[in-house]
Amino acid sequence: MDGSGLTQQPKKPKLNEELDVVDRNIKCLHNLPEEILRYILSLLPTKDAIRTSVLCKRWEYLWTSIPNLDFKGSELAKRKHFMNFVERVLLLRDSSDIKTFTLYCDVLRDASHVSAWISAAVRRNVQQLDISLCNFREPFSLPHSLFTCMTLTELELEMPCILKLPPTICFTNLKTLNFRFVTFSSEYLTQKLFSGLPVLEELDLEYCNWVNIKVVIISAPKLLYIGITEDTENQNDEKGCQVMISGVSLNVFYYLGEFYNEYRVYNSSSLVDASIFVDWSLQRQRQVAHRMYVLLTGFYRVKELILTDCALEALTYAEVVELLPHLPIFKNLEYLGFDESLVNLDNVALLKILQNSPRLKKMEFYGVINLSSDDERNDRILDPVPPCFLSQLNCIKVYDYTGDKEELSAVKILLKNAVFLDKMVITCSHHFAKDLENLKKVHEQLLKLPRGSKHCELVFD
Amino acid sequence: MKFCAVKQYFDDENNNNITSGASTTMIPLPNVESHPLAILITYCKKHLKIKANNADNKKETEKEMEQYEQELLKKVMPQELTELILAANYLNFKEALDFFCRAVASAIQNKSIEFVRKFFGLESDFELGEEEKLREEFAWSFEGVDED
């Protein structure tokens with residue numbers, strides 16, 4: 003207390019200095035507990051996480067437990083760096099489980115390396131695998147261990163080459179499977195693959211090829227969704243493959259292609275939605291027509307059906323049109339939709355489907371509907387009027403309406419006969435956006451049409 | 003109850019048959035300073051409020067929460083993040099811990115090594131050439147990084 007200011011003063015700054023240093027240490031992010039730092043690293047993209055290796059000695063191996071590894075090597079010019087990087091990372095990574103592993107690369111002559119990397123992920127109990135390989139300059143095979151990986155729940159495989167399957171295949175926990183550009187070549191092993199998916203819920207086959215395979219049965223008891231997009235470019239086989247799909251739990255079916263292969267869904271009582279986007283093939287009309295008919299007959303229990311105009315055309319082709327009287331009753335069908343194409347309302351197959359759909363409530367035309375402008379003839383088209391028109395059909399939507407004669411005729415006949423209709427929604431083609439005069443005329447024209455349903459509202463969108 | 007450590011305390015209290023005048027019970031939190039605690043409490047209350055307001059609409063809840071989080075991040079300094087993370091960790095407040103960790107991650111994403119060192123308050127203790135070697139080995143990951 004009595005000490006001179008001189009001795010007292012230096013004390014104070016010194017004390018504060020100490021406090022500052024201590025304070026700084028406590029407040030530094032660097033001093034967070036290791037598990038929190040590791041957690042932060044796991045939130046970073048792979049590249050960023052691994053770069054932290056260079057921060058300081060403490061951080062050199064902190065990243066080695068990150069659960070998600072994402073390697074997308076897109077530029078061929080940087081390929082050498084990329085391949086070295088992946089090799090090094092997998093070498094240093096610790097033995098803790100990997101959750102997701104993504105690898106996109108050009109294989110060239112590094113088939114064994116790539117295979118080893120995938121093997122490394124499998125060994126660390128990977129759950130989600132996303133692999134996209136291309137540019138093979140030597141034969142490539144996936145590691146056998148992949149096909150018996152017990153921890154795998156999601157597999158996405160894009161590999162434009164032959165898929166070499168091992169003798170033992172069992173995906174015990176696989177829920178989602180997506181194959182793109184894959185070629186299946188062994189009938190026996192491919193069949194094994196598609197019978198060894200006990201918990202699979204979602205299957206996507208895009209641009210895949212079946213070579214020297216006559217029949218394959220896809221039998222996954224828990225399958226909820228199947229989507230098939232056919233490769234229409236590399237088809238050599240005349241007859242293609244017969245793909246039988248067991249639909250015990252199936253809810254949704256999606257198909258896009260030209261029926262280079264035949265598809266049938268059996269046991270489809272749980273199927274709710276089916277979309278068949280088929281394209282016409284001028285060289286194989288008979289084949290497409292038959293296969294369209296076969297596929298459609300399996301969908302008689304669906305609630306929602308979406309088709310293309312080609313689907314309807316196929317059904318009216320040659321001898322297939324004679325099968326139409328045998329078309330099943332679509333007893334649950336409530337929604338019928340058509341994609342952006344041109345549907346002729348007097349198409350015999352369409353009329354038959356309408357006759358056979360007692361519960362149809364809604365129709366949607368994303369493209370154009372046409373009918374010849376011969377009024378007298380038109381009256382006979384919906385004779386007898388389909389039962390659904392009399393008591394169920396309450397909504398019709400037409401998109402891309404241009405107001406020409408044929409479209410007007412089609413709308414006219416629908417309005418006249420759908421006596422239960424609540425509303426008809428017409429969206430005019432975007433061509434009218436600038437021509438409001440004409441748009442108004444078109445609206446007036448439509449409003450004047452006689453309506454079979456007294457409470458029907460005409461809505462313009 | 004979001005602050006799991008606090009919940010634990012309450013559970014313990016009940017086990018000891020102490021009738022809790024809940025609003026006036028004092029809970030000792032030796033490892034948490036008042037400033038970060040205040041922010042965490044506000045975060046928690048806001049979270050619960052947004053959830054209650056959008057009871058059925060999960061998307062709305064997420065959207066509003068995101069907006070609030072963005073605003074909050076603008077006001078928080080990097081140094082405060084350490085305290086917030088430590089506090090959230092101690093209180094076992096999972097959502098806040100996750101949020102602040104993500105904030106740190108997005109702050110350092112695609113930034114240069116020098117920036118990240120400053121952000122964490124570290125200095126390199128590598129020998130001459132060691133850092134160079136590492137940069138070479140992981141060359142591919144250094145491409146396209148924001149240089150200071």
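Note that the protein sequences, when read in sequence, are chains A and B.
Residue numbering for the first sequence follows my numbering, beginning at 3 and increasing consecutively.
Residue numbering for the second sequence follows my numbering, beginning at 3 and increasing consecutively.
The beta carbon of each residue, even a glycine, is placed where N, CA and C say it ideally should be.
Check                                                                                                                                                                            : Outcome
Given a threshold of 16 other Cβ atoms within 10 Å of its Cβ, counted over all protein chains shown, does A/V461 qualify as buried or as exposed?                                : exposed
Could you work out which residue in A/T48, A/C390, A/V213 and A/V267 is closest to B/F144 when comparing CA atoms only?                                                          : A/T48
Can you pull the chain A neighbours of B/I87, defined as C-beta to C-beta under 9 Å?                                                                                             : L31, L34, I38 and I42
Quick check on B/N55: buried or exposed, where buried means 16 or more other Cβ atoms within 10 Å of its Cβ?                                                                     : exposed
Between which residues of its own chain and B/N18 is the CB-CB distance below 8 Å, once the five residues before and five after are set aside?                                   : The pLDDT assigned to B/N18 is 49, lower than 50, so where the model puts this residue is not dependable, and the model offers no usable value.
If you run the structure through DSSP and keep just helix, strand and coil, what is A/N380?                                                                                      : helix
My guess is that A/P400 and A/I371 are in contact by the Cβ rule of under 8 Å, so how many angstroms apart are they, rounded?                                                    : Note that residue 400 of chain A corresponds to Val in the displayed sequence, not to Pro. Between A/I371 and A/V400 the Cβ distance is about 6 Å, and since that is below 8 Å, they are a contact.
For the segment 336 to 352 of chain A against the segment 303 to 311 of chain A, are there 3 or more C-beta pairs whose distance is under 8 Å?                                   : yes
Excluding the 5 residues flanking A/D424 on each side, which residues of the same chain have their C-beta closer than 8 Å to its C-beta?                                         : N396, C397, S455, H457, C458 and E459
Compare the C-beta of A/S55 with all C-beta atoms of chain B and state if any pair is closer than 7 Å.                                                                           : yes
For A/R453, which residues in the same chain have their Cβ closer than 7 Å to its Cβ, ignoring the five residues on either side in sequence?                                     : L417
Taking Cβ positions only, does A/H115 come closer than 7 Å to chain B?                                                                                                           : no
With a floor of 4 residues, list each alpha helix (DSSP H) that falls wholly inside the segment 26 to 65 of chain A, ordered by position along the chain.                        : 36 to 44 and 48 to 53
Residues of chain B with CB under 9 Å from A/D72, in chain order?                                                                                                                : In chain order: nothing, as chain B lies at least about 11 Å away.
With DSSP run on the structure shown, which of helix, strand or coil describes A/A420?                                                                                           : coil
Report the three-state DSSP secondary structure of A/Q11 (helix, strand or coil).                                                                                                : With a pLDDT of 43 at A/Q11, under the threshold of 50, the modelled position of that residue is not reliable, and the figure given next carries that caveat. Note: A/Q11 maps to helix in three-state DSSP.
Decide if A/S411 is buried, meaning its Cβ has at least 16 other Cβ atoms within 10 Å, or exposed.                                                                               : buried
What are the start and end residues of each continuous alpha helix (DSSP H) run of 4 or more residues lying completely inside the segment 218 to 268 of chain A, in chain order? : none
Can you tell me whether B/P38 is buried or exposed, with buried defined as 16 or more other CB within 10 angstroms of its CB?                                                    : buried
Note down, in chain order, each residue of its chain lying with its Cβ closer than 7 Å to the Cβ of A/S6, except the 5 sequence neighbours on either side.                       : Low local confidence applies: a pLDDT of 45 at A/S6 is under 50, so the model's placement there is unreliable, with the coordinate-based value given in what follows. There are no such residues.
Using a C-beta to C-beta distance shorter than 9 Å, which residues of chain B count as neighbours of A/I52?                                                                      : F140 and S143
Using a Cβ-Cβ cut-off of less than 7 Å, list which residues of the segment 100 to 127 of chain A approach chain B; keep chain order.                                             : none
What beta strand (DSSP E) runs, 3 residues minimum, are completely inside the segment 64 to 110 of chain A?                                                                      : 70 to 74 and 102 to 110
Is it true that the segment 117 to 129 of chain A meets the segment 152 to 161 of chain A, where meeting means three or more beta-carbon pairs spaced less than 8 Å apart?       : yes
Below 8 Å, can you find three or more Cβ-Cβ pairs linking the segment 48 to 64 of chain B to the segment 79 to 88 of chain B?                                                    : no
Identify the contact partners of B/F117 in chain A, using a Cβ-Cβ distance below 9 Å as the criterion.                                                                           : Neighbours of B/F117 on chain A: none; closest Cβ ~11 Å, over 9 Å.
Does any CB atom of chain A fall closer than 7 Å to the CB of B/S126?                                                                                                            : yes
Given a cut-off of 7 Å on the beta-carbon distance, is the pair A/I247 and A/V267 in contact?                                                                                    : yes
Apart from the five residues on each side of it in sequence, which residues of its chain come closer than 6 Å, Cβ to Cβ, to A/E203?                                              : K177, K224 and L226
How about A/L273 and A/G242: do their beta carbons lie closer than 7 Å?                                                                                                          : no
Strictly by DSSP, which residues pair up with A/W212?                                                                                                                            : A/F186
Going by the CB atoms, is the gap between B/E138 and A/R90 shorter than 7 Å?                                                                                                     : no
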